[in-house]
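Peer 1: Sharing a structure, written as structure tokens. Questions coming.
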Amino acid sequence: MNIILRSYLLFIISIAILFPAKRELDTNLLNSKIRTQSYKKTPNPVAYRQMQRGNSDEHIIWGEDFENGAENWLIGDGWELTQASSHEGNNSILSPNDDNNLDGYFMLFSPKISLPQIGLNEWLYFTFWLHADIPDYDSDEDGFIDDYYQLDLQASTENPAWHSSNFESYSGNSYWCGVDADEGYQDGWLQFLDTPSLQVPSDGGSLEVQMKWAIEDTEGASGTDVSEGWIDGWDAVNVRISTDGGATWNILIGDDPYDFYSGYGWLYNGEKEGENGTHSLASGWSGEVDWHQVIFDLNDYADQNVIIRFAFGSDPAYSTIDNDQLKGIFIDDITFVDVSGTNLAFYNADNENSNPINSSGYTWHDLFYDYYSEFCIDEDLTILEQYPTQESCEDNNYFWYSRPGSNGWEEYLPGDPICDNCNYFLDLTEYAGKDVIIRFWSRYDDDHDGGQGDGLYIDDLTIYKESIQIYAQPQLFNAEVGENEIRLTWYDMNQPGDTTIIFDSGDEELFTGISFSDCSDCLAY
Numbered sequence: 036m037n038i039i040l041r042s043y044l045l046f047i048i049s050i051a052i053l054f055p056a057k058r059e060l061d062t063n064l065l066n067s068k069i070r071t072q073s074y075k076k077t078p079n080p081v082a083y084r085q086m087q088r089g090n091s092d093e094h095i096i097w098g099e100d101f102e103n104g105a106e107n108w109l110i111g112d113g114w115e116l117t118q119a120s121s122h123e124g125n126n127s128i129l130s131p132n133d134d135n136n137l138d139g140y141f142m143l144f145s146p147k148i149s150l151p152q153i154g155l156n157e158w159l160y161f162t163f164w165l166h167a168d169i170p171d172y173d174s175d176e177d178g179f180i181d182d183y184y185q186l187d188l189q190a191s192t193e194n195p196a197w198h199s200s201n202f203e204s205y206s207g208n209s210y211w212c213g214v215d216a217d218e219g220y221q222d223g224w225l226q227f228l229d230t231p232s233l234q235v236p237s238d239g240g241s242l243e244v245q246m247k248w249a250i251e252d253t254e255g256a257s258g259t260d261v262s263e264g265w266i267d268g269w270d271a272v273n274v275r276i277s278t279d280g281g282a283t284w285n286i287l288i289g290d291d292p293y294d295f296y297s298g299y300g301w302l303y304n305g306e307k308e309g310e311n312g313t314h315s316l317a318s319g320w321s322g323e324v325d326w327h328q329v330i331f332d333l334n335d336y337a338d339q340n341v342i343i344r345f346a347f348g349s350d351p352a353y354s355t356i357d358n359d360q361l362k363g364i365f366i367d368d369i370t371f372v373d374v375s376g377t378n379l380a381f382y383n384a385d386n387e388n389s390n391p392i393n394s395s396g397y398t399w400h401d402l403f404y405d406y407y408s409e410f411c412i413d414e415d416l417t418i419l420e421q422y423p424t425q426e427s428c429e430d431n432n433y434f435w436y437s438r439p440g441s442n443g444w445e446e447y448l449p450g451d452p453i454c455d456n457c458n459y460f461l462d463l464t465e466y467a468g469k470d471v472i473i474r475f476w477s478r479y480d481d482d483h484d485g486g487q488g489d490g491l492y493i494d495d496l497t498i499y500k501e502s503i504q505i506y507a508q509p510q511l512f513n514a515e516v517g518e519n520e521i522r523l524t525w526y527d528m529n530q531p532g533d534t535t536i537i538f539d540s541g542d543e544e545l546f547t548g549i550s551f552s553d554c555s556d557c558l559a560y
């Protein structure tokens, strides 16, 4: 009975992972967006400001045009570098809308992007170009989008899950990767616990550590296909080592063999898939294992400075909320010894102040989702199917509406997202000073009954900085009407001399004309 139940649960979980629920088509938001686009004669001030950044490299933080072959991008199944179409240059990234990609979701990961710290009145935004040739967006009119794409962003958390705790500890306090309120861990985690740098003696040494874990086991993983690559495990914990100050990492293999070669907990969070039969950063332990000592030979790293990392990655389904026996990862009594058995360094959670251990964690933040859509509408937002092209629609004095990229290459700009609770202005300001990864998802249903296009093309991503000068409100402001003039005065201009001071952008087109009631020929801005 237990085996049957477990298999049934795994089947449901696998369905949730492989075939995420459709996005709801919010017609209220869509109508609002249509009305805004149809009747807006001038851009709103925020969108206008973003569009004025021009081509100056001065404000660009990071850009990608894929002309270098998508270097350092993690291209999952269902995506490919292509020269079939692009915004500029030769290359773009495509998620084909073909029969191979039916009824699945597919992920594309950017490289790690270091966002700068910003000053007062500075903001970070991003844009990209796309051609969303995925016309099957609601063919069955069930209120859910059939084919769509979405973006999310991975950034470090302010409060990593690794912390000192006496919960199920080895002795006193231990390092626990979990949440106190849940007494366990959550989905979609990427969490690290790093030791300080240590010099391995010239004749070698070893690492001894007490470890315990209670996480999802591997049952059913090896028979499941995910778009990110091959897997034979789910949630995963492993130990890593760096010899370059944490810039790069390698797997560290101890006397307790890893349980699998490629864990979905790593792949879902943007790490590379493993290879069957070869241990790598995608390897890991799983299941429920009580406290025991694991020993790692460091002789291969003799006379080098090393950092040891304890890493945990959880996939998007099945964690403590599904099984309260899954408590997370526990570490204690981290000991470096030389070949004679003499302790070189010792770290545990009871003495954190004198032995600093660094923790870090990363989580995913939804940005927005969108889809193909274009049609002709009248002033009441009624769709006019008798005018299927933009030319015929506008020739009859109606309005042509389309989502970005539905009718060829178009730049996706701040203000374009339509979904509720989205990152409407493509604003990355809250992530300033952090390393981030941007992830694109494409999602296709099991047919092409609403039409079949080439797929979703992405090109020319840009992250840029905007700076806005904000002036204090004038004090003791006064306006006096005189003959053929209005005299404005206020307290303390803070500038001596006879000087003209302009407090606007100088672009008169942004300002509405004001008519004087006593002078039909007079105009002021």
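Residue numbering for the sequence shown is 36 to 560, as defined by the numbering used here. Ideal placement from N, C-alpha and C gives every residue a C-beta, glycine not left out.
Would you tell me roughly how many angstroms separate the C-alpha atoms of Gln221 and Thr355, rounded to the nearest one?
Peer 2: Start at 1 with the first residue of the sequence shown, and residue 221 comes out as number 186. Start at 1 with the first residue of the sequence shown, and residue 355 comes out as number 320. Each residue's Cα considered, the two are about 6 Å apart.
Peer 1: From which residue to which residue does the beta strand (DSSP E) around Leu225 run?
Peer 2: On the sequence shown, position 190 is the one that residue 225 refers to. Element bounds for Leu225: Leu225 to Asp229.
Peer 1: For Asn90, is the classification buried or exposed, using 16 other Cβ atoms within 10 angstroms of its Cβ as the cut-off for buried?
Peer 2: The count along the sequence shown starts at 1 and reaches residue 90 at position 55. Confidence at Asn90 is low in this model, with a pLDDT of 47, below 50, so the placement of that residue should be treated as unreliable; the coordinate-derived value is given next. Exposed, by the Cβ-count rule.
Peer 1: What is the DSSP secondary structure of Asn393, counted as helix, strand or coil?
Peer 2: As a first step, residue 393 must be located in the sequence shown, where it is residue number 358. Asn393: strand per DSSP, three-state reduction.
Peer 1: Taking the beta strand (DSSP E) that Cys454 belongs to, which residues open and close that run?
Peer 2: As a position in the sequence shown, residue 454 is number 419, starting the count at 1. Element bounds for Cys454: n/a, residue is neither H nor E.
Peer 1: Are three or more beta carbon pairs between the stretch 277-284 and the stretch 361-374 nearer than 8 Å?
Peer 2: Contact between the stretch 277-284 and the stretch 361-374 is absent, because fewer than three Cβ pairs lie under 8 Å.
Peer 1: Which residue wins for smallest C-alpha separation from Tyr397, given the options Asp270, Asn386, Glu193 and Trp269?
Peer 2: Locating residue 397 in the sequence shown gives position 362, where the first residue counts as 1. The candidate whose alpha carbon is nearest that of Tyr397 is Glu193.
Peer 1: Could you pull out every residue in the same chain whose Cβ sits closer than 6 Å to the Cβ of Ala384, ignoring the five residues on either side in sequence?
Peer 2: As a working mapping, residue 384 is identified with position 349 in the sequence shown. Here the set comprises Ser199, Asn208, Ser209 and Tyr210.
Peer 1: Which residues bound the beta strand (DSSP E) around Ser437?
Peer 2: For the purposes of this step, residue 437 is taken as the residue at position 402 of the sequence shown. Its beta strand (DSSP E) spans residues Phe434 to Ser437.
Peer 1: Does any residue of chain B bring its CB to less than 8 Å from the CB of Asp480?
Peer 2: Going by chain labels, chain B is absent from the structure shown, which holds only one protein chain.
Peer 1: Take the Cβ of Ala256 as the centre, count every other Cβ of all protein chains shown within 10 Å, and call the residue buried at 16 or more, exposed below.
Peer 2: Locating residue 256 in the sequence shown gives position 221, counting from the first residue. So Ala256 ends up on the buried side.
Peer 1: Drop a sphere of 10 angstroms on the beta-carbon of Gly488, count the other beta-carbons inside from all chains shown, and report buried for 16 or more, exposed for fewer.
Peer 2: What you label residue 488 is simply residue 453 of the sequence shown in a count that begins at 1. Label assigned to Gly488: buried.
Peer 1: Tell me the residue span of the beta strand (DSSP E) that contains Gln245.
Peer 2: As a working mapping, residue 245 is identified with position 210 in the sequence shown. That run of the beta strand (DSSP E) goes Gly240 to Ala249.
Peer 1: How far does the alpha helix (DSSP H) with Trp301 in it reach, from first residue to last?
Peer 2: Within the sequence shown, residue 301 is the residue found at index 266, counting from 1. Counting along the chain, the alpha helix (DSSP H) containing Trp301 begins and ends at Tyr299 to Leu302.
Peer 1: Can the beta-carbon of Gly240 be found less than 8 Å from the beta-carbon of Ala271?
Peer 2: One-based indexing of the sequence shown puts residue 240 at position 205. One-based indexing of the sequence shown puts residue 271 at position 236. It is not a contact, given that the beta carbons lie outside the stated cut-off.
Peer 1: Taking DSSP's pairing of strands, which residues face Val324 in a bridge?
Peer 2: One-based indexing of the sequence shown puts residue 324 at position 289. Trp248.
Peer 1: With a cut-off of 8 Å, do at least 3 Cβ pairs link the stretch 465-483 to the stretch 164-181?
Peer 2: At 8 Å Cβ cutoff, the stretches touch.
Peer 1: In whole angstroms, give me the CA-to-CA distance for Pro146 and Asn107.
Peer 2: Here residue 146 refers to the residue found at position 111 when the sequence shown is read from its first residue. Here residue 107 refers to the residue found at position 72 when the sequence shown is read from its first residue. The straight-line gap from Cα to Cα measures roughly 5 Å.
Peer 1: For Ile266, which residues of its own chain have a beta-carbon under 6 Å away from its beta-carbon, when the five flanking residues on both sides are left out?
Peer 2: Your numbering for residue 266 matches position 231 in the sequence shown. Ala256, Ser297 and Tyr299.
Peer 1: Of all the beta strand (DSSP E) runs that stay within the bounds of the stretch 108-163, which reach a length of 3 or more residues?
Peer 2: Taking only runs of at least 3 residues, the beta strand (DSSP E) segments lying wholly in the stretch 108-163 are 115-117, 127-131 and 139-144.
Peer 1: Put Tyr210 into one of helix, strand or coil per three-state DSSP.
Peer 2: By one-based count along the sequence shown, residue 210 stands at place 175. Of the three classes helix, strand and coil, the one that applies to Tyr210 here is strand, per DSSP.
Peer 1: Taking only the alpha-carbon atoms, compute the straight-line gap between Thr162 and Phe179 and give it to the nearest angstrom.
Peer 2: Here residue 162 corresponds to residue number 127 of the sequence shown, with the count starting at 1. Here residue 179 corresponds to residue number 144 of the sequence shown, with the count starting at 1. Cα to Cα, the separation comes out at about 26 Å.
Peer 1: Excluding five sequence neighbours on each side, which residues of the same chain lie with their C-beta closer than 6 Å to the C-beta of Ile153?
Peer 2: Residue mapping note: residue 153 aligns to position 118 of the sequence shown, counting from 1. So the list reads Ala467, once near-sequence residues are dropped.
Peer 1: Residues in the same chain with beta-carbon distance under 6 Å from Leu129, minus the five sequence neighbours each way, listed in chain order, please.
Peer 2: As a position in the sequence shown, residue 129 is number 94, starting the count at 1. If we look at Leu129 and ignore the five residues flanking it on each side, its Cβ neighbours are Glu115, Thr117, Gly490 and Tyr492.
Peer 1: How long is the line joining the alpha carbons of Asn125 and Gly98, rounded to whole angstroms?
Peer 2: Here residue 125 refers to the residue found at position 90 when the sequence shown is read from its first residue. Here residue 98 refers to the residue found at position 63 when the sequence shown is read from its first residue. Using only the alpha carbons, I get a separation of about 16 Å.
Peer 1: Here's a check: name, in chain order, each residue in its chain whose Cβ is nearer than 7 Å to the Cβ of Thr283, leaving out the five neighbours to either side.
Peer 2: Here the question's residue 283 lines up with position 248 in the sequence shown. Counting only Cβ-Cβ distances below 7 Å, and skipping sequence neighbours, we find Ser277.
Peer 1: Figure out for me which residue from Tyr406, Leu155 and Ser427 has the closest Cα to the Cα of Asp182.
Peer 2: Locating residue 182 in the sequence shown gives position 147, where the first residue counts as 1. That would be Tyr406, whose Cα lies nearest to the Cα of Asp182.
Peer 1: So who's on the other strand from Glu520, going by DSSP bridges?
Peer 2: Translated into the one-based positions of the sequence shown, residue 520 becomes position 485. BP columns for Glu520 point to Gly517.
Peer 1: Suppose contacts are defined by Cβ-Cβ distances below 8 Å. Is Gly289 in contact with Phe227 by that definition?
Peer 2: As a working note, residue 289 is residue 254 in the sequence shown. As a working note, residue 227 is residue 192 in the sequence shown. Contact flag unset, no.
Peer 1: Based on the DSSP output, what are the partners of Trp97 in its beta bridges?
Peer 2: Taking the sequence shown and counting its residues from 1, the one referred to as residue 97 is at position 62. DSSP lists Ile498 as partners of Trp97.
Peer 1: Assuming Trp224 contacts Tyr353 under a Cβ cut-off of 8 Å, what Cβ separation, rounded to an integer in Å, is found between them?
Peer 2: As a first step, residue 224 is located in the sequence shown; it is residue number 189 there, counting from the start. As a first step, residue 353 is located in the sequence shown; it is residue number 318 there, counting from the start. That belief does not hold up - the Cβ atoms of Trp224 and Tyr353 are roughly 12 Å apart, past 8 Å.
Peer 1: In angstroms, rounded to a whole number, what distance separates the CA positions of Ile364 and Asp229?
Peer 2: Here residue 364 refers to the residue found at position 329 when the sequence shown is read from its first residue. Here residue 229 refers to the residue found at position 194 when the sequence shown is read from its first residue. One C-alpha to the other measures close to 14 Å.
Peer 1: Just to confirm my understanding: we take Glu323, look at its own chain, exclude 5 residues before and 5 after, and list those with CB closer than 6 Å. What are they?
Peer 2: Within the sequence shown, residue 323 is the residue found at index 288, counting from 1. Excluding residues within five positions, the ones whose Cβ falls inside 6 Å are Ala249.
Peer 1: Please report how far the alpha carbon of Asp252 lies from the alpha carbon of Asn378, in whole angstroms.
Peer 2: Working through the sequence shown from its first residue, we reach residue 252 at position 217. Working through the sequence shown from its first residue, we reach residue 378 at position 343. Straight-line Cα distance between these residues: approximately 34 Å.
Peer 1: How long is the line joining the alpha carbons of Asn334 and Ile286, rounded to whole angstroms?
Peer 2: Sequence index remark: in the sequence shown, residue 334 carries index 299 (1-based). Sequence index remark: in the sequence shown, residue 286 carries index 251 (1-based). C-alpha separation (whole angstroms): 15 Å.
Peer 1: Per DSSP, Phe631 is paired with what?
Peer 2: With the chain running from 36 to 560 in the structure shown, residue 631 is simply not present.
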